[in-house]
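Q: Chains as they are written, first to last, in the UniProt record's numbering: chain W, 1 to 236; chain A, 1 to 236. Glycine included, C-beta positions come from ideal geometry on N, C-alpha and C. Being a predicted model, the structure only gives us computed values, none of them experimental.
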DNA sequence: TAGTGGTCTAGACCACTCT
DNA sequence: GAGTGGTCTAGACCACTAC
């Protein structure tokens, strides 16, 4: 079935996307216009668009239309570099919104950090943008004993930077889990996409140099907004 | 639009999938039967199935039908454990097929390893199964100087184990890149799925203790077949 | 209000798998 | 040969965005 029309369509659209002058700006023509231009129906055209979306070449924003996607962000989840730092280092513009802060227990955090399930955490939920596109929804649960009065600070800046500077916490042991997911209703809404859109989920448990639990967080990324990179020296 | 019918359908099917006795075996009824049962059309039903596929709960195999998916495989790409070892450690059944071995240059490998672009490599391409489901298509490019006569061996076993045992190579420095992709025609065919199916791509460049290049590889996974896990001690 | 994407219908034919 | 998923048509209405 490699001669399916929507695959030819995908190829032709991909070629168009690679010639910068094809569309005036980063916005694609409407589905109806494209369907007419390629003499097919919207259903078939949308199959082709979905392919290109899967390849990370285009994305949609709510009901506004389809847009050419920028290159993915390089991200090393094993390092302490703050979001603002590595986004700027790649010539992009970062922005952070704090959606919520409170204090409450959270079972997955407690389990990952080896604490009683009713242990309260400082909880921060935020949304982060690259070039004004929301790409990341995250929640952090910080062990209060490591960072008293944490919630009085400013959380648009790097949390890890604050832990280091205000409380002298060093992040020694990390445990990461990363997998491909379908974004649930809440995260999807925060990112301005349809529920079920492909995402990447990253969960991280962090301990200090004395093996005491410091923090647990859960990140939900638009799946094509990032490229995970890790550099390792094996001392074993 | 949270009241879209296909989302209700998704929920009902998800509930069904969680009651083991709902379907006789791991196979779902045909799309036509499900569409009739839920009084909708195949198009709408397939939207719901696609959601569940994105969540990793079901998968399709060629034109054979839809199947309940097993839990994802835990995989730590920073360790040397062989595929056979960690699959078996999780109570699953591994299998490996060697698709191709040859000697040739490969530009991405040369660039990642810092070698001239016409430098020849031992090249191995293989396909790996978990419980008889093809989940991984990979190519490896090994620097011949590190492992002379490598291609005389058996490549259904661990490559890294052979490098260690036959040539005393230690894997010291690794550089990983991981991103969400749409599977291209060749990988998709090898894995028995449609081109454009969501995948996870993992590229790895490895150097020995003397910072000499050892190997470069490219893995293409079915995106919901695995969960990446990494444990790290920060010595910095 | 006009235009967009999101959802949905009720069919159809094809390539492939299974037996 | 029967049944499956894969692809496609030619429409329709709705919710939301942009103006």
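So if I threshold CB-CB distances at 7 Å, which residues from the segment 165-180 of chain A count as touching chain W?
A: Under the 7 Å Cβ criterion, the segment 165-180 of chain A contributes 171, 172, 173, 174, 175, 176, 177, 178, 179 and 180.
Q: Based on the DSSP secondary-structure assignment, which residues constitute the bridge partners of residue 119 of chain W?
A: DSSP lists no partner for residue 119 of chain W.
Q: Pull up the distance between the alpha-carbon of residue 32 of chain W and that of residue 222 of chain A, whole angstroms please.
A: Each residue's Cα considered, the two are about 33 Å apart.
Q: Could you please give the first and the last residue of the uninterrupted alpha helix (DSSP H) stretch that includes residue 190 of chain W?
A: From DSSP, the alpha helix (DSSP H) with residue 190 of chain W extends over 185-191.
Q: Considering only residues of the same chain and omitting the five flanking positions on each side of residue 97 of chain W, which have a CB-CB separation below 7 Å?
A: Closer than 7 Å at the Cβ level, and outside the excluded window around residue 97 of chain W, lie 126 and 127.
Q: Going by other Cβ atoms of all chains shown within 10 Å of its Cβ, with 16 needed for buried, is residue 224 of chain A buried or exposed?
A: So residue 224 of chain A counts as buried.
Q: According to the Cβ coordinates, are residue 124 of chain A and residue 140 of chain A closer than 8 Å?
A: Yes.
Q: Return the CA-CA distance between residue 49 of chain A and residue 16 of chain A, expressed in angstroms with no decimal places.
A: Looking at the two C-alpha atoms, the distance is approximately 13 Å.
Q: The segment 50-72 of chain W: which residues have C-beta closer than 9 Å to a C-beta of chain A, in chain order?
A: Here the close residues are 50, 51, 52, 53, 54, 55, 56 and 72.
Q: Kindly indicate which three-state DSSP category residue 212 of chain A falls into: helix, strand or coil?
A: Looking at residue 212 of chain A - three-state DSSP - the assignment turns out to be coil, as it is neither helix nor strand.
Q: 8 Å is my cut-off, CB to CB: does residue 228 of chain W come that close to chain A?
A: Yes, contact with chain A.
Q: Just the Cα atoms here: how many angstroms apart are residue 3 of chain A and residue 39 of chain A?
A: Cα to Cα, the separation comes out at about 16 Å.
Q: Which of the three DSSP states is assigned to residue 38 of chain W in this structure?
A: Reduced to three states, the DSSP call for residue 38 of chain W is coil.
Q: Can you pull out the residues from the segment 207-229 of chain A whose beta carbon lies closer than 8 Å to at least one beta carbon of chain W?
A: Listed by position, the residues of the segment 207-229 of chain A near chain W (Cβ gap below 8 Å) are 223, 224, 226, 227, 228 and 229.
Q: When DSSP labels each residue in this structure, what does residue 195 of chain W get in the three-state scheme?
A: Looking at residue 195 of chain W - three-state DSSP - the assignment turns out to be coil, as it is neither helix nor strand.
Q: Is it buried or exposed, residue 30 of chain A, if we count other Cβ atoms within 10 angstroms and call 16 or more buried?
A: Result: exposed.
Q: Spell out whether any CB of chain W is found under 8 Å from the CB atom of residue 40 of chain A.
A: No, because no Cβ of chain W sits closer than 8 Å to the Cβ of residue 40 of chain A.
Q: Does residue 192 of chain A have its Cβ less than 8 Å from a Cβ in chain W?
A: So, not an interface residue.
Q: Would residue 232 of chain W pass as an interface residue toward chain A - the criterion being a Cβ-Cβ separation below 8 Å?
A: Chain A contact via Cβ: present.
Q: Mind checking which residues open and close the beta strand (DSSP E) that includes residue 229 of chain A?
A: Counting along the chain, the beta strand (DSSP E) containing residue 229 of chain A begins and ends at 226-233.
Q: Are the CB atoms of residue 197 of chain A and residue 178 of chain A within a distance shorter than 8 Å?
A: Contact flag unset, no.
Q: Who are the Cβ neighbours of residue 134 of chain A in its own chain at under 6 Å, not counting the five residues just before and after it?
A: Answer for residue 134 of chain A: 127, 191 and 192, listed in chain order.
Q: Roughly how many angstroms separate the alpha carbons of residue 143 of chain W and residue 115 of chain A, rounded to a whole number?
A: Going from the Cα of residue 143 of chain W to the Cα of residue 115 of chain A covers about 47 Å.
Q: Please state whether DSSP places residue 1 of chain A in a helix, a strand or coil.
A: Note that residue 1 of chain A scores 47 on pLDDT, short of 50, meaning its location in the model is unreliable and no value can be drawn from it.
Q: From what residue to what residue does the beta strand (DSSP E) around residue 85 of chain W run?
A: Per DSSP, residue 85 of chain W belongs to no beta strand (DSSP E); it is in the alpha helix (DSSP H), 83-89.
Q: If contacts are defined as beta-carbon pairs under 8 Å, then residue 138 of chain A and residue 59 of chain A qualify, I think. What distance do you get, rounded to the angstrom?
A: Residue 138 of chain A to residue 59 of chain A, Cβ: 19 Å. No contact.
Q: Taking the C-alpha atoms as reference points, what is the distance between residue 68 of chain A and residue 90 of chain A?
A: When rounded, the distance between both Cα atoms is 18 Å.
Q: Assign residue 1 of chain A to one of two classes, buried (16 or more other C-beta atoms within 10 Å of its C-beta) or exposed (fewer than that).
A: Here residue 1 of chain A scores only 47 on pLDDT, less than 50, and its place in the model is too uncertain to base an answer on.
Q: Are the Cβ atoms of residue 105 of chain A and residue 120 of chain A separated by less than 8 Å?
A: Contact: yes.
Q: Would you say residue 82 of chain A reaches chain W, if we count a Cβ-Cβ gap shorter than 8 Å as a contact?
A: No, because no Cβ of chain W sits closer than 8 Å to the Cβ of residue 82 of chain A.
Q: For chain W, is any of its Cβ atoms less than 8 Å away from the one on residue 156 of chain A?
A: It does not; no Cβ of chain W falls within 8 Å.
Q: Can you name the residues of chain A whose CB is closer than 9 Å to the CB of residue 198 of chain W?
A: Those are 54, 180, 198 and 223, listed as they occur along chain A.
Q: Would you kindly report the start and end of the unbroken alpha helix (DSSP H) that includes residue 108 of chain A?
A: Here the alpha helix (DSSP H) through residue 108 of chain A covers 107-113.
Q: Taking buried to mean at least 16 other C-beta atoms within 10 Å of its own C-beta, is residue 25 of chain A buried or exposed?
A: Under this definition residue 25 of chain A is an exposed residue.
Q: Tell me, please, whether the CB atom of residue 7 of chain W is closer than 8 Å to any CB atom in chain A?
A: Yes, contact with chain A.
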